[in-house]
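See structure below.
Number of protein chains: 2
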Amino acid sequence: MTSTTPGERPLLYLDDLSVGQRFGGGEHALEEEAITAFAAEFDPQPFHLDHATAVGTLFDRLVASGWHTAAVTMRLQVELIPIAGGLVGASAAVEWPRPTLPGDVLRIDAEILEVRPSRSRPDRGLVRLVTETSNQRGEVVQVVTATIVVPRRPD
Amino acid sequence: MTSTTPGERPLLYLDDLSVGQRFGGGEHALEEEAITAFAAEFDPQPFHLDHATAVGTLFDRLVASGWHTAAVTMRLQVELIPIAGGLVGASAAVEWPRPTLPGDVLRIDAEILEVRPSRSRPDRGLVRLVTETSNQRGEVVQVVTATIVVPRRPD
Numbered sequence: 001m002t003s004t005t006p007g008e009r010p011l012l013y014l015d016d017l018s019v020g021q022r023f024g025g026g027e028h029a030l031e032e033e034a035i036t037a038f039a040a041e042f043d044p045q046p047f048h049l050d051h052a053t054a055v056g057t058l059f060d061r062l063v064a065s066g067w068h069t070a071a072v073t074m075r076l077q078v079e080l081i082p083i084a085g086g087l088v089g090a091s092a093a094v095e096w097p098r099p100t101l102p103g104d105v106l107r108i109d110a111e112i113l114e115v116r117p118s119r120s121r122p123d124r125g126l127v128r129l130v131t132e133t134s135n136q137r138g139e140v141v142q143v144v145t146a147t148i149v150v151p152r153r154p155d
Numbered sequence: 156m157t158s159t160t161p162g163e164r165p166l167l168y169l170d171d172l173s174v175g176q177r178f179g180g181g182e183h184a185l186e187e188e189a190i191t192a193f194a195a196e197f198d199p200q201p202f203h204l205d206h207a208t209a210v211g212t213l214f215d216r217l218v219a220s221g222w223h224t225a226a227v228t229m230r231l232q233v234e235l236i237p238i239a240g241g242l243v244g245a246s247a248a249v250e251w252p253r254p255t256l257p258g259d260v261l262r263i264d265a266e267i268l269e270v271r272p273s274r275s276r277p278d279r280g281l282v283r284l285v286t287e288t289s290n291q292r293g294e295v296v297q298v299v300t301a302t303i304v305v306p307r308r309p310d
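Residue numbers (the numbering used here), protein chains in the order written: chain Y, 1 to 155; chain P, 156 to 310.
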């Protein structure tokens with residue numbers, strides 16, 4: 001049996017994944033209104049809320065919250081990486097080498113770093129995945145390395 | 156001169172911070188509507204969107220996106236940790252030992268792990284900060300260790 005998502009992509013089980021496998025794509029525009037709305041709810045700092053209040057800060061201009069970039073990256077991962085059971089992270093290491101700016105269009109490029117069957121739970125395993133998020137100029141705005149739980153293909 | 160935030164808390168510069176210093180508090184309720192709205196925008200997976208679709212998944216019930224917990228934690232950090240120049244992260248390591256559930260009330264407890272003046276930029280330094288996010292049962296739902304950029308007190 002081949003499981004499929006609503007979009008008819010075959011779902012990938014632990015047995016289908018290997019080191020070096022890649023996923024990528026996306027074209028998610030981050031408009032100013034979305035940046036300031038996210039900031040007002042979750043990260044209300046001068047450099048995320050408004051052009052005027054951003055002047056004179058470390059960034060000296062309006063930039064997206066790093067957690068907003070992380071959330072958009074998650075959205076792109078869900079759309080582009082069809083793991084059976086969903087993308088369930090136990091931990092993640094995030095770096096933000098440069099900020100996301102209003103109007104930036106984000107895409108992701110992901111690669112599997114490690115595939116490890118669980119010793120204690122034979123029905124699943126752990127997969128380490130690195131995902132780069134880039135803007136339309138090809139500049140990397142975020143790198144997240146996550147360990148996710150992936151089920152083995154049912155017999 | 157003592158700088159203050161709008162809430163009249165004195166702002167803390169690199170010179171004011173030391174290893175072991177603690178910050179904490181907060182009482183942020185995460186209601187079901189907020190959990191499913193965040194998921195619809197950023198993490199549209201069955202276990203984040205609806206009670207019915209969550210049944211049979213790894214969680215087997217509706218849980219918040221880990222990135223939603225991270226975003227709420229950022230909100231509490233902005234409210235409770237008055238760093239001059241704002242909280243600007245260069246990187247963060249996040250662990251989610253258990254999920255946030257609908258109705259959970261979150262608080263944070265943060266501690267400074269390291270204070271390091273910059274060699275190349277004498278006007279600033281790097282501070283490593285660990286922040287635990289807990290629910291109303293005292294269970295830790297997230298641990299984030301971040302390196303933030305903090306300005307030195309101006310002469």
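Each residue gets a CB set at the ideal place from its N, CA and C atoms; glycine is no exception.
Exposure label - residue i; buried when at least 16 CB within 10 Å
i: H51 of chain Y; result: exposed
i: D259 of chain P; result: buried
i: D43 of chain Y; result: buried
i: T191 of chain P; result: buried
i: V78 of chain Y; result: buried
i: T4 of chain Y; result: Unreliable positioning characterises T4 of chain Y in this predicted model, as indicated by a pLDDT of 42, which lies under 50. The coordinate reading is nonetheless provided below. Answer is exposed; the Cβ neighbour count stays below 16.
i: A150 of chain Y; result: In the sequence as presented, Ala is not what sits at residue 150 of chain Y; that position holds Val. Classification of V150 of chain Y: buried, given that the 10 Å Cβ count is 16 or more.
i: S120 of chain Y; result: exposed
i: V299 of chain P; result: buried
i: G293 of chain P; result: exposed
i: E33 of chain Y; result: exposed
i: Q45 of chain Y; result: buried
i: G180 of chain P; result: exposed
i: Q291 of chain P; result: exposed
i: L169 of chain P; result: buried
i: I148 of chain Y; result: buried
i: D310 of chain P; result: exposed
i: T2 of chain Y; result: Confidence is the limiting factor: at T2 of chain Y the pLDDT is only 40, short of 50, which leaves the residue's position unreliable and the question unanswerable from this model.
When the options are compared against residue i, the one with the closest alpha-carbon
i: M229 of chain P; options: P:V295, P:H203, P:A301; result: P:A301
i: V130 of chain Y; options: Y:F23, Y:Q45, Y:P10; result: Y:F23
i: A70 of chain Y; options: Y:V140, Y:R61, Y:D155; result: Y:V140
i: R61 of chain Y; options: Y:E114, Y:E33, Y:P99; result: Y:P99
i: V88 of chain Y; options: Y:A54, Y:R128, Y:L101; result: Y:R128
i: T96 of chain P; options: P:R164, P:L169, P:D171, P:H183; result: Nothing can be reported for residue 96 of chain P, as the shown portion of chain P is limited to 156 through 310.
i: A40 of chain Y; options: Y:S65, Y:P10, Y:L30; result: Y:S65
i: L12 of chain Y; options: Y:G85, Y:I108, Y:L58, Y:W67; result: Y:G85
i: P165 of chain P; options: P:P272, P:I263, P:P277, P:I236; result: P:I236
i: Q142 of chain Y; options: P:A245, P:L169, P:F214; result: P:A245
i: H223 of chain P; options: P:L204, P:T212, P:F193, P:P309; result: P:F193
Beta-carbon spacing of residue i, residue j below 9 Å
i: V63 of chain Y; j: F47 of chain Y; result: yes
i: V158 of chain Y; j: A265 of chain P; result: This structure leaves residue 158 of chain Y out entirely; chain Y is present only between 1 and 155.
i: Q176 of chain P; j: I238 of chain P; result: no
i: V210 of chain P; j: V270 of chain P; result: no
i: P252 of chain P; j: L185 of chain P; result: no
i: R124 of chain Y; j: P117 of chain Y; result: yes
i: P122 of chain Y; j: R152 of chain Y; result: yes
Extent of the continuous beta strand (DSSP E) run through residue i
i: I108 of chain Y; result: 104-117
i: Q232 of chain P; result: Unbroken run through Q232 of chain P is the alpha helix (DSSP H), 221-235; no beta strand (DSSP E).
i: T133 of chain Y; result: 124-134
i: P151 of chain Y; result: 140-151
i: V249 of chain P; result: 244-250
Residue i - containing alpha helix (DSSP H), residue span
i: I190 of chain P; result: 187-197
i: A207 of chain P; result: 206-209
Closer than 8 Å: residue i CB and nearest the ligand ADP heavy atom
i: P102 of chain Y; result: Absent from the structure shown: the ligand ADP. Ligands present: none.
Interface residues of the region 101-126 of chain Y facing chain P [CB-CB below 9 Å] | If you check each beta-carbon in the region 101-126 of chain Y against every beta-carbon of chain P, the ones closer than 9 Å belong to R124.
Any residues in the region 197-219 of chain P with a beta carbon nearer than 7 Å to a beta carbon of chain Y? Which ones, in chain order?
-> For the region 197-219 of chain P, which is checked against every Cβ of chain Y, the residues closer than 7 Å are F197, D198, P199, Q200, P201, F202, T212, L213.
Under 7 Å (Cβ pairs) to chain Y, residues found in the region 297-308 of chain P = Residues of the region 297-308 of chain P that bring their beta carbon within less than 7 Å of a beta carbon in chain Y comprise V304, in sequence order.
Interfacial residues, the region 239-257 of chain P to chain Y, with Cβ spacing under 9 Å | Answer set for the region 239-257 of chain P: G240, G241, L242, V243, G244, A245, S246, A247, A248, V249, E250, W251, P252.
Could you please tell me which residues of the region 169-195 of chain P, in chain order, have their CB closer than 7 Å to any CB of chain Y?
-> Only those residues of the region 169-195 of chain P whose C-beta falls short of 7 Å from the nearest C-beta of chain Y would be listed, and there are none.
According to a CB-to-CB cut-off of less than 8 Å, which residues of the region 129-141 of chain Y neighbour chain P?
-> For the region 129-141 of chain Y, which is checked against every Cβ of chain P, not one residue is closer than 8 Å.
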